[in-house]
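The structure appears right after this line, and notes come after that.
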Amino acid sequence: MSDLNWNAIADESLHLLQGLIRLNTVNPPGNEKIAADYIASILHSNGIAPIMIETAPQRGNVVARLKGDGSLPPLLLYSHTDVVPVEREKWTMDPFGGDVKDGYVYGRGSIDMKGIGAMQLAVFLTLARQGVLLKRDVILAATADEENDTNQGIGLLVRDHPELLRAEYAFSEFGGFSLHIGKHTFYPIQVAEKGTAWLRLRAKGRPGHASVPHDDNAVLHLGHALWRIGRSNLPLHLTDSARGFIEHFGNGMGGTVGRGMKAWLATHGRIEPPNFIFKTESIKRELYAMLHNTCSPTGLKAGSKTNIIPSEADAILDCRTLPGVSTSQLINEIRAVIGRNHERYEFIVDSESRPLEFPTDTPMFQHLSKIIKQHDPNGIPIPYMLTGATDAKHVSQLGNICYGFSPMKFKPGERFMDLAHAHDERLSIDALAWGVRVLYDVVSTC
Ligand SMILES: [Zn+2]
193 MSDLNWNAIA
203 DESLHLLQGL
213 IRLNTVNPPG
223 NEKIAADYIA
233 SILHSNGIAP
243 IMIETAPQRG
253 NVVARLKGDG
263 SLPPLLLYSH
273 TDVVPVEREK
283 WTMDPFGGDV
293 KDGYVYGRGS
303 IDMKGIGAMQ
313 LAVFLTLARQ
323 GVLLKRDVIL
333 AATADEENDT
343 NQGIGLLVRD
353 HPELLRAEYA
363 FSEFGGFSLH
373 IGKHTFYPIQ
383 VAEKGTAWLR
393 LRAKGRPGHA
403 SVPHDDNAVL
413 HLGHALWRIG
423 RSNLPLHLTD
433 SARGFIEHFG
443 NGMGGTVGRG
453 MKAWLATHGR
463 IEPPNFIFKT
473 ESIKRELYAM
483 LHNTCSPTGL
493 KAGSKTNIIP
503 SEADAILDCR
513 TLPGVSTSQL
523 INEIRAVIGR
533 NHERYEFIVD
543 SESRPLEFPT
553 DTPMFQHLSK
563 IIKQHDPNGI
573 PIPYMLTGAT
583 DAKHVSQLGN
593 ICYGFSPMKF
603 KPGERFMDLA
613 HAHDERLSID
623 ALAWGVRVLY
633 DVVSTC
């Protein structure tokens, strides 16, 4: 579509983003209805009738659909409208001002993920106005409660209104943005995400008077277990998506790193990747998390009185499972690390979500890679596993293939992960303008 005025579309996406930033949807409490109403009013004024779903007072969700000719199944573009809280005194700009300075729009959610929501909405409006003949229905969903996930958002929609969101493919956070490493520009497309297992590790012992110490003390047992967890690696698992990431990343890097990765892949993950391959600590840690189930102790609870040896002591564990690994397999791995005296330890599952892994040998994955390369001929699209979790855990229950695809072209040194949830969260206007074009090209021709 050569007749499109891309400057005007970029301006519109910026204004949409500023409008969203100015609505305070910090979760808790969320209050996302104001964002849903805002998006609905824009859709209405463009002749599109959205569906509004309030899952609880002030927890609003909005869904709209552009009809295709039905020759291919639908595509879903979804985003969450809630944001994480701010420490206002640590910001140099108003986190809810949506002000522009030096080419950046500042505000909570500009990156995660109102910027992406604005981009999706701008693409949706452009498709509608142009009257583009679509093969697929294109569904737009802006939903509540991702950041706190008390299930007032897309989880409830999936359960109660599955027909609204069922699609062949679904795009959302995290991926499609540029990642600069050395002189290379990668575009990780999220094709997998780890599961969560929030556990309590309970150590048990013999109660007693603290003035007469004994060694069957629950606090000491818990200390032993945590020390072992902190000192040990859980076993390495080479999943398909991690293999794909390392393969493509290595090919892109070339040189010593590329050869090192290729040689390591030939071991099929029987040994840990050699340290020399990754120079930066953050990439090393990220790769570690892509190859292992992980377990971070994040809290402790034991004892009621100084002079009583308690019979139980609890640690809170935030654990993450790789695709293909169940929570009980993870617990077995942790038990093996702790070692002796299994009967002393009990694991309580507080909450869990399953890991996800989607195929990369699809026409859509090819399409995404092709369009990225059209807009950045030096860019290298690669499949990517998110070590965190997104709303894809809900959306995938409908059978949708979920790709983290929110195209943005950052400047070297800017990293999505450093900007999301950060003080002075900001998105460059150029990155947004680039993303709208890429996403439009993807959606209008898929
Ligand atoms: Zn997010």
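So the mapping is simple: this note's numbering equals the position in the sequence shown, first residue as 1, plus 192.
Beta carbons are placed, not taken as given, at the ideal position from N, Cα and C, and that holds for glycine.
In the three-state DSSP reduction, N443 falls in the helix class (H, G or I).
In the DSSP assignment, W390 is bridged to D510 and S543. Counting of Cβ neighbours within 10 angstroms places G516 among the exposed residues, the total staying below 16. Exposed is the label assigned to S543, since fewer than 16 other Cβ atoms lie within 10 Å of its Cβ. If you look at Q382, you'll find it in the beta strand (DSSP E) that goes H376 to E385. Between the region 300–316 and the region 262–271 there are three or more C-beta pairs closer than 8 Å, enough to call the two in contact. By the beta-carbon neighbour count (other beta carbons within 10 angstroms, threshold 16), F288 is buried. In terms of Cβ geometry, L317 and L326 do not form a close pair [threshold 8 Å]. Straight through space, the alpha carbons of I501 and F369 are spaced by roughly 53 Å. Here S263 has K327 as same chain residues with Cβ atoms under 7 Å from its own Cβ, once five neighbours each way along the sequence are excluded.
Only buried fits E339, as 16 or more other CB atoms lie within 10 angstroms of its CB. Counting C-beta pairs closer than 8 Å gives three or more between the region 412–426 and the region 525–536, which meets the contact rule.
Here A612 is near I303, since their CB atoms are less than 8 Å apart.
Relative to ligand 1, the beta carbon of D304 is positioned inside 7 Å of a heavy atom. With a threshold of 16 other beta carbon atoms within 10 Å, S233 falls short and is exposed. Under the three-state reduction of DSSP output, M577 falls in the strand class.
Bridge partners of I572 according to DSSP: F378.
Not one heavy atom of ligand 1 is found less than 7 Å from the C-beta of E385.
By the C-beta density criterion, N499 is exposed, having fewer than 16 other C-beta atoms within 10 angstroms. Going by beta carbons, A334 and V254 fall inside the 8 Å limit. Between F366 and G596, the gap from beta carbon to beta carbon is short of 8 Å. For H272, the Cβ falls inside the 7 Å cut-off from some heavy atom of ligand 1.
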